[in-house]
Amino acid sequence: MVNVSSLFGQIVSELFTAVNFDNLVAKWGAERHAKGFRSKTQLISMLFCHLAGADSLREIVNGLSCCNGKLVHLGIKEPPRRSTLSYANNHRKAELFEELFWRLSDHFRSTGSMGCRKKKFRFKNKLLSFDSTTISLCLSLFPWAEFRRAKGGVKVHVLLDHDDYMPSFVSITDAKTHDSRMSKELALKPGSIVALDRGYVDFGQFRAWTDQGVFFVTRMKDNCVYSVDKVRPLPENGHVLSDEIVRLTGTGMEEKYPEPLRRITAENPETGENIVLLTNHLRFAASTIGEIYRDRWEIELFFKTLKQNLKVKTFVGESENALRIQIWTALVSLLVIKWLHHLSKAGWSFSNMATMLRLNLFTYRALRAWLDEPYETPPIVPEAEQLKFSL
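Per full-length UniProt numbering, residue 1 is the first one in the sequence shown, and the count goes up by one each step.
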């Protein structure tokens, strides 16, 4: 006899055990004018959207309707109507799901439930990457997200923690917002090292970070004017072509950033391309600075993983609030898959885990048993007695 709920039901139960969702609902007044449609049902519906790969409200509702007899263990009496789910996504505050993401993230990190990557560097500084990805939108459907004359879009800005390659800061803005503006929103601890692309070059902000004891590693812009104070010796073996202590000499730069900087030219061992790096860290080996910037590629992989495995390229609602809810619930779903990937002994890649979970959401097996032995025969449900007809 099967005595467990579906995998989806167990996942939802774990989430509601980790975070008191009812308290968050009360805090944000999400159900102040609700008429029976609970925020839990809305959350479960949007998690189903991402984990099952539903492309529209119709697919979400029809998918849950097909499992009508299996929804009780999810806390849902009946599947939502399309109009009801659409209204909730348009009007309930997206901040509810934003705070849910951060509460879950704190919980998983504090319990070590997302794992920890093997350290690539010997230094103990916190290593972070900051970048953004643009999500293109159809301007006729999303007129509020105008980006160019015939194009719409939003940007998702992420500060990635390299301890577990998960976000420690996320901001969703219109696509017109320049990347360098968002760097001012970051609250970085002294000693942190943040790797950025040259789109974030802002020497006023860089000076503020330097005064706070925060280190940065970025690519130097081609039009940057400087003078060389000192040429440092190069390692015998490696891809470092030059290592210099420089000062900025462009117009107004002596006041904006008077401190010495380090200019390193390194060769990318994979492409053979020469890149010029700029950093305020004067002590690390030049090869270490190069590897720090190279590890910034992890944030590109994060965006690729998010877009390939979760529903953040097609949206089930057209309002700004509905879009934000879908992105935040996508990040919650990413946390879920990351957590399951850490627990699993099956040796799957992240994408394989997302695929197998999608195919087995309503499989009735103990979650941890399925994670370890996914191909084991599930418990057999006793067959109902066959009716016999006299013909």
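Note that the Cβ used here is the ideal one computed from N, Cα and C, for glycine as well. Computed from a predicted model, the values in this text were never measured in an experiment.
At which residues does the alpha helix (DSSP H) containing Leu24 begin and terminate? Leu24 -> alpha helix (DSSP H) spans Phe21 to Trp28.
Along the chain, where does the beta strand (DSSP E) containing Val217 start, and where does it finish? Unbroken beta strand (DSSP E) run through Val217: Phe215 to Arg219.
How should Tyr375 be labelled, buried or exposed, when 16 other C-beta atoms within 10 angstroms of its C-beta is the threshold for buried? Tyr375 counts as exposed, since fewer than 16 other beta carbons sit within 10 angstroms of its beta carbon.
Given this structure, state the Cα-to-Cα distance separating Glu270 from His239, to the nearest angstrom. The straight-line gap from Cα to Cα measures roughly 11 Å.
Whether or not the region 69-79 and the region 292-306 are in contact is what I'm after, with contact meaning three or more pairs of Cβ atoms, one per stretch, closer than 8 Å; do they touch? no
Since I believe Ala266 is in contact with residue 393 (beta carbons under 8 Å), could you give me their beta-carbon distance rounded to a whole number of angstroms? Past the boundaries of the shown model lies residue 393; the chain is included only from 1 to 391, so the question cannot be answered.
Per the DSSP calculation, Ser171 is bridged to which residue(s)? Answer by DSSP bridge pairing, in chain order: His157.
Of the listed residues Ser242, Gly191, Thr173 and Lys27, nearest to Lys230 (C-alpha basis): Minimum Cα-Cα distance from Lys230 among the listed residues Ser242, Gly191, Thr173 and Lys27 corresponds to Ser242.
Buried or exposed by the 16-neighbour rule on C-beta atoms within 10 Å, applied to Glu373: exposed
Nearest residue (CA-CA) to Arg137, options Val228, Tyr257, Glu146 and Thr84: For the record, residue 137 in the displayed sequence is Leu; it is not Arg. Ranking Val228, Tyr257, Glu146 and Thr84 by Cα distance to Leu137 puts Glu146 first.
Would you mind sorting Pro79 into buried or exposed? The rule is 16 or more other CB atoms within 10 Å of its CB. buried
Let me know the alpha helix (DSSP H) ranges lying completely inside the region 340-369, each 4 residues or longer, listed in chain order. 350-359
Could you name each continuous beta strand (DSSP E) segment of 3 residues or more that falls completely within the region 116-153, going from the start of the chain to the end? 127-137 and 146-148
Could you work out which residue in Pro260, Ser110, Gln42 and Thr111 is closest to Thr329 when comparing CA atoms only? Gln42
At a cut-off of 8 Å, is His342 close to the ligand FMN when judged by its beta-carbon and the heavy atoms of the ligand? Questions concerning the ligand FMN fall outside what the structure shown contains, since it holds no ligand whatsoever.
DSSP three-state label for Asn237, please. coil
In chain order, what residues of the same chain have a beta carbon less than 7 Å from the beta carbon of Arg283, not counting five sequence neighbours either side? none
Could you tell me which residues DSSP puts in a beta bridge with Ala266? Val240 and Ile275
With DSSP run on the structure shown, which of helix, strand or coil describes Ala18? Reduced to three states, the DSSP call for Ala18 is helix.
Along the chain, which unbroken stretches of the beta strand (DSSP E) at least 3 residues long are found entirely within the region 274-322? 274-279
Does DSSP put Met1 in a helix, a strand or coil? Caution is warranted here: a pLDDT of 47 is assigned to Met1, below 50, making its placement in the model unreliable, and no coordinate value can be reported.
Distance check for Leu248 and Asn223, CA to CA, integer angstroms please. 11 Å
Simplified DSSP assignment, three categories, for Leu71: coil
For Ser86 and Gly317, believed in contact at Cβ under 8 Å, the rounded distance: 6 Å
Per-residue burial, Pro167 [other beta carbons within 10 Å of its own, 16 or more giving buried]: buried
Tell me, to the nearest whole angstrom, how far the beta carbon of Val4 is from that of Ala366; I am working on the premise that it is less than 8 Å. 5 Å
Backbone CA spacing between Lys313 and Glu320 [nearest angstrom]: Rounded to the nearest angstrom, the two C-alpha atoms are 14 Å apart.
Range covered by the beta strand (DSSP E) that runs through Ile76: No beta strand (DSSP E) holds Ile76; DSSP gives it neither H nor E.
Touching by the beta-carbon criterion (3+ pairs, under 8 Å), the region 290-302 and the region 61-70: No, they do not touch.
With a CB to CB cut of under 7 Å and the five nearest residues on each side skipped, what residues in its chain are close to Val228? Glu244 and Val246
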